[in-house]
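The structure appears right after this line, and notes come after that.
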Amino acid sequence: MQLAAFLQFLRYEKRYSEHSCRAYATDLRQFNAFLKEKYELEEAKAVNLGILRSWLVELMQQGRASSTIHRKASSLQRYFKFLMQEGQLQENPMQALQLPKKKAALPHFLAEQQLAKLFSGPYFEADFPGQRDRLMLQLFYQTGMRRAELLGLRWTDWDAGLEQLRILGKGQKMRIIPILPQLNAALAAFKALAEESLANFDPKGPVILNDQGQAPYPKWVYNKVRQYLGLVTTQEERSPHSLRHSFATHLSNQGADLQAIKLLLGHSSLAATQVYTHNSLEQLKKVYAQSHPKAKKKK
């Protein structure tokens, strides 16, 4: 498999994020291992529909979620398309593969009261690590940014005067996110603390650094968020994306325009944002059941 050339194409021509490139690499290496083990094949050019169906069956037998299978299939689809562009394949064998129906997964989010408890509670120390953790969670919840976007956020992306952040999103698309005065003040206070605490502080460098003043790994961010969210919720899904979902859900519940939420999240399609209307409808049903005279049960 011409995996190295494909990843170079994604990274430098399509300008995919490092996180996306790693995901593609993992999916394709797993498929390559399947080809070697089951069919003693070294490259994807010999793949046919029968092989793809057996790969699909194996994933299903492993208990992989339909969303995971669809993601892996998307990686293969993109790779075979690349091979066709390079003249290595005449047609894309994925075109005829029928995938299992993808279940519509509702986003996992925290209640407003839970996040209010987190930010008002005694969970963050006053030192650099504690205030760094607090700011990291604030940025996720108050802007809806993705983990990769947070890791790419630099001090030069913050405009304190205009109270806004410049975010580099998927596909190297830039968007501007307005921030509240509270978050603007938190950024100013943390920058002053970082200058005082870190000998190697770079005013043009990343906003979020680990305890050693270095750029953290994505897993480090995930573990930090999971740890803190565990203080206020017992739900299993506790990740940076949970805070992104909470941001969008709470905006929707408060009546924010769906198009505005789309722009804030950096979605390319409104369809990706519409999932948050479900939670708003559930909230409306709850209010209706509690408030409307005809909905109240007779005692």
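Just so you know, we're using the working numbering here: the sequence shown kicks off at 7 and counts up by one. Backbone N, C-alpha and C define an ideal beta-carbon position, used for all residues, glycine too.
Exposed is the label assigned to Glu64, since fewer than 16 other Cβ atoms lie within 10 Å of its Cβ. Remark: C-beta atoms of Ser274 and His114 do not approach each other more closely than 7 Å.
Assignment of alpha helix (DSSP H) within the region 154–239, counting only whole runs of 4 or more residues, yields 187–203 and 224–235 in chain order. Cβ neighbours of Ile185 within its own chain (closer than 7 Å, five residues either side excluded): Gln148, Thr149, Glu169, Gln170 and Leu171. By the Cβ-count criterion, Arg59 is exposed, with fewer than 16 other Cβ atoms from all chains shown falling within 10 Å of its own Cβ. Secondary structure note for Arg84: its alpha helix (DSSP H) is the uninterrupted segment Ser72 to Gln91.
When the beta-carbon positions are compared, Gln120 and Val238 come within less than 7 Å of each other.
Burial check for Asn206: the Cβ neighbour count within 10 Å stays below 16, so the residue is exposed. Taking one beta carbon from each stretch, the region 258–266 and the region 224–232 have fewer than 3 pairs nearer than 8 Å; the two do not touch.
DSSP places Leu16 in the helix class (H, G or I) of the three-state scheme. Residue environment analysis places Gln91 among the exposed positions, since fewer than 16 neighbouring C-beta atoms fall within 10 angstroms of its C-beta.
Leu276 counts as exposed, since fewer than 16 other C-beta atoms from the protein chains shown sit within 10 angstroms of its C-beta.
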